[in-house]
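Chains as they are written, first to last, in the UniProt record's numbering: chain A, 1 to 559; chain B, 1 to 473.
The structure is reproduced here in structure tokens:
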């Protein structure tokens, strides 16, 4: 069976190859521009070609390949693991000094150094030594050192900017065009961003070099046993006069452009929609993918579910068929289980958040219908009654937590209470107290699969009205509607004024948008089901609360 | 033979057509007649009459009421710069009628202007679709007759309920609903030169508005009693270079929103909640004027400002490129089974594009002319036919309404699709009262008793024209 690692590593390899191709293209364009000679175009072209096929370029390509593999490792280690949870300032701070970041910083510094020396070698500014003019012996070329040391600086700056102070996530586009097309569209933006974003780090680096520049210079002079003949660059006037800062800006821009190209390439290739089979013994099926919560494959599975529900009637038909032998709707049941698990799990987490908050502000008139289940004694009048699923009863039992009051539990609670109290002390709470909106933010940032699953499930169920010959879906309509209504009500509690304490005020733009997207998607999914099945709504055995909740949808009065 | 020969006769001089009931063309007196005399199908429909006094707009006549204040030159230039941009400010400084005090400034400004003009001319040479600006582009490409000077600019029915959005001349949007007596008016500062509106499917409240600055998505709570919802309910989606928006269109699944601008060669696909747009762009064709989704959301038709138009396959987002014969495509509509009808500007012909090559894989299929609506004079002396201005197909694919550039009549045809063949037969004319001209029209989306064509007339009156047929008939 193809595992999640296989899918991911396969894509990672493709991205690396793409990235190398893109980087080579960038280098060729650069060589072509550097060799520019409008008066002798033939010489220009021939010198470009001879440079491209020279051993130096070959060596550079190997370097680029190495850098790309570094990046692949970085991205692989970033996206394979579920998002880390940071709920206190202290843990956020400690995370900066994690082993992963340490490795990353070395990798980025190396990649910055390599890329910078590569580009500077194209314009022959990478030399560190030359023959002295006034002395007898070797002299240091400080500009070469300035650029190469700058490369490391830029690598670290990029790391800080992208990975440490920001959380980099894979961005799944809402519509996927081909890789070429996406790259073509992105390239303009990448170029302008590269040149713009490279200005601040160059300024910071010049300032840094002004203060600390003599240290690396003396270290390198000692290693090479060379003199300094030219005016030192840790002097503002010399630095400006040498014009090396312009080269640094250009190379930094190229470095950023190459980084952005790499990031975009990885993003395009890793987020490409995947066509999971419905039944397979050798490959990962759609429900296997969906079962991997908070993992890369869950995203792909959920995305595929949505695409399938909208535009793949052949696979939908496969979902609606009965297994042979046995005649059970195995495919649908598997899919439904996974989808409901994702939706209900998210709903439960939201409910837990809401519940905690409400306890704090002592609002106890919560009417939770999470545990609601369809009445099993009610009959289906018009639609075919295949079987009343006993699973719902199991769900109900699972939610009941038996009251345990053993000594260990009491002690644990006490310890927690004491810890909580300590954490609430003014100075300590700043570092060790849980940050207010981080839990919600953490939950919402990972809500994209839930959005797709809601829409996918609703559109799949709606399509079943015409496509499902055996009526396998209709028995579970109640479950689907109940799960969606629950989620919608839990989301509503987040936005309702007065019900929540001010703690839930989000200040993260992405999380706020994701909340809106989730809300909108859940409401549309409910509308899709209610509008499609409006004629048969009274025949679906729904809980009274759910029935009440869908009334505004039937009347098209839900905003 | 003309397409209009078998149409029923036009109503008498003091009569007008109200509806068509089971093949009976029902006309009545202009003053005393009423559609409810014939059918109750539109009884609960909102009565809409947009008169000039409901508008709040500083029209050109109003402007003349204000006394011109003689500002200091520098102040004049800075205010023009602030409002209209650098080039306009330069032309003010270079204008000898305005700038009499500083001849040196005038000469400098005129020289800079000349240099700037060279660049602008070169830019227009490369991108001729950018020549027109703002409202001029919208007026040029609008499918509403005389877009800039009519009381109603465009209409949009909600896909699932009897609720209609009407864009009035003052760029306000008035929402009429069958079950509420009050009318909500959507208005905000950025909402100018509205070109199109579209209700989001599977949502009761979201309305996308294409206007000069970009796309505004309103969320109008159907339970709210506010007649003027605050602008906090609106989200403005903009992107540099994508203005003025000439068309907006929601996907039938309600997940994506397309916005087109006649001045932008890319069509934007918005994920509205995340406020992210993905551009769809291909070489050649100029600005994208309008886009239409097929019923199953599997294809998107996109008309450009040149003869090129594209049919996008929404699975892989790849286009199939087509060229119209003479002029750009002015109107198009999808029908059941993915049949596309379209008409080119200035040509009295409707073409059908069936099986656009995506299924068969063949690229040689041609658009077939299926209806010739050449201009004819009826026995009553009325002119009908000629170049097509707009075209609407009812959601069931049974009736096709055509709006002509040079006629005051709307022609409705019956369409039947049997054995992959589309057959078009005459149905009836929809006429206005006295000198009324049809401005824009649309079919109601949730009319179960047949089809209901809603027409906005140049007088500001909105007419619901039901075409009802009962099963027993």
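Cβ atoms here follow ideal geometry from the backbone N, Cα and C, with glycine treated the same way.
* Can we say the segment 38-54 of chain B touches the segment 462-471 of chain B, given the rule of at least three CB pairs closer than 8 angstroms? -> yes
* Give the residues from the segment 451-470 of chain A that approach chain B closer than 8 angstroms (Cβ to any Cβ), ordered along the chain. => 455, 459
* Pairing CB atoms from the segment 289-296 of chain B with CB atoms from the segment 250-260 of chain B, are three or more of them under 8 angstroms? -> yes
* Asked: What is the C-beta distance between residue 202 (chain A) and residue 245 (chain A), in whole angstroms, given that I count them as a contact (C-beta under 8 angstroms)?
  -> 6 angstroms
* **Test: residue 527 (chain A) CB closer than 7 angstroms to a CB of chain B** => yes
* Asked: Between which two residues does the beta strand (DSSP E) carrying residue 215 (chain A) extend?
  -> It is not in any beta strand (DSSP E) - residue 215 (chain A) instead sits in the alpha helix (DSSP H) that spans 214-224.
* Asked: How about the segment 447-455 of chain A and the segment 282-302 of chain A: do they share at least three Cβ pairs that are nearer than 8 angstroms?
  -> yes
* To do: Give the single residue among B:274, B:196, B:88, B:22 whose Cα lies nearest to the Cα of residue 139 (chain B).
  => B:196
* What does a CB cutoff of less than 6 angstroms around residue 135 (chain B) pick up in its chain, not counting 5 residues either side in sequence? -> Counting only Cβ-Cβ distances below 6 angstroms, and skipping sequence neighbours, we find 193.
* For residue 75 (chain A), the nearest candidate out of A:476, A:482, A:12, A:494 (CA to CA) -> Distances from the alpha-carbon of residue 75 (chain A) to those of A:476, A:482, A:12, A:494 put A:12 closest.
* **Cβ contact (3+ pairs, closer than 8 angstroms) linking the segment 149-157 of chain B and the segment 435-445 of chain B** => yes
* Could you spell out where the alpha helix (DSSP H) holding residue 78 (chain B) opens and where it closes? => It spans 73-84 - the alpha helix (DSSP H) in which residue 78 (chain B) sits, taken as one unbroken run.
* **Endpoints, the alpha helix (DSSP H) within which residue 412 (chain A) is located** => Its alpha helix (DSSP H) spans residues 407-423.
* **Separation of residue 176 (chain A) from residue 317 (chain B), as counted between CA atoms** => Distance between the alpha carbons of residue 317 (chain B) and residue 176 (chain A): 7 angstroms.
* Asked: Along the chain, where does the alpha helix (DSSP H) that runs through residue 407 (chain B) open and close?
  -> That residue, residue 407 (chain B), is in no alpha helix (DSSP H); it is neither H nor E in DSSP.
* **Alpha-carbon spacing of residue 242 (chain A) relative to residue 101 (chain A), whole angstroms** => 35 angstroms
* Do we get a CB-CB distance below 7 angstroms when we pair residue 267 (chain B) with the residues of chain A? -> no
* Asked: Shortest alpha-carbon distance to residue 330 (chain B) belongs to which of B:342, B:163, B:338, B:337?
  -> The option with the nearest alpha carbon to residue 330 (chain B) is B:342.
* What does residue 160 (chain B) reach in chain A if we use C-beta pairs closer than 7 angstroms? -> Per Cβ cutoff of 7 angstroms: 531, 556.
* To do: Check each residue of the segment 315-327 of chain B: if its Cβ is closer than 8 angstroms to any Cβ of chain A, include it; give the result in chain order.
  => Within the segment 315-327 of chain B, the residues whose Cβ lies closer than 8 angstroms to some Cβ of chain A are 315, 316, 317, 318, listed in chain order.
* Asked: Apart from the five residues just before and just after residue 96 (chain B), which ones in its own chain have a Cβ nearer than 7 angstroms to its Cβ?
  -> 106
* Asked: Which class does residue 136 (chain A) belong to by DSSP, given the choice of helix, strand or coil?
  -> coil
* Specify the secondary structure class of residue 389 (chain B) as computed by DSSP and reduced to three states. => strand
* If you count every other CB in all the chains shown that lies within 10 Å of the CB of residue 368 (chain B), and 16 or more means buried, which is it? -> exposed
* **Backbone CA spacing between residue 147 (chain B) and residue 11 (chain B) [nearest angstrom]** => 28 angstroms
* Asked: Which runs of the alpha helix (DSSP H) fall wholly inside the segment 435-482 of chain A and span at least 4 residues, in chain order?
  -> 438-445, 448-467
* To do: Find the nearest neighbour of residue 2 (chain B) within the set B:432, B:426, B:468, judged by alpha-carbon distance.
  => B:426
* Determine which residues share a DSSP beta bridge with residue 299 (chain B) and list them. => B:313
* From A:31, A:56, A:537, residue whose alpha carbon lies closest to that of residue 46 (chain A) -> A:31
* To do: Tell me where the alpha helix (DSSP H) around residue 300 (chain A) begins and ends.
  => 296-311
* Exposed or buried, which one is residue 242 (chain B) when buried takes at least 16 other CB atoms within 10 Å? -> buried
* Asked: CA-CA distance, residue 144 (chain A) and residue 158 (chain A)?
  -> About 21 angstroms.
* Apart from the five residues just before and just after residue 4 (chain B), which ones in its own chain have a Cβ nearer than 8 angstroms to its Cβ? -> 373, 376, 378, 384, 385, 411, 426
* Indicate the three-state DSSP secondary structure (helix, strand or coil) for residue 123 (chain B) in the structure shown. => Under the three-state reduction of DSSP output, residue 123 (chain B) falls in the helix class.
* To do: With 7 angstroms as the threshold, decide whether the Cβ of residue 254 (chain B) is near any Cβ in chain A.
  => yes
* residue 49 (chain B) (DSSP reduced to helix, strand or coil) -> Of the three classes helix, strand and coil, the one that applies to residue 49 (chain B) here is strand, per DSSP.
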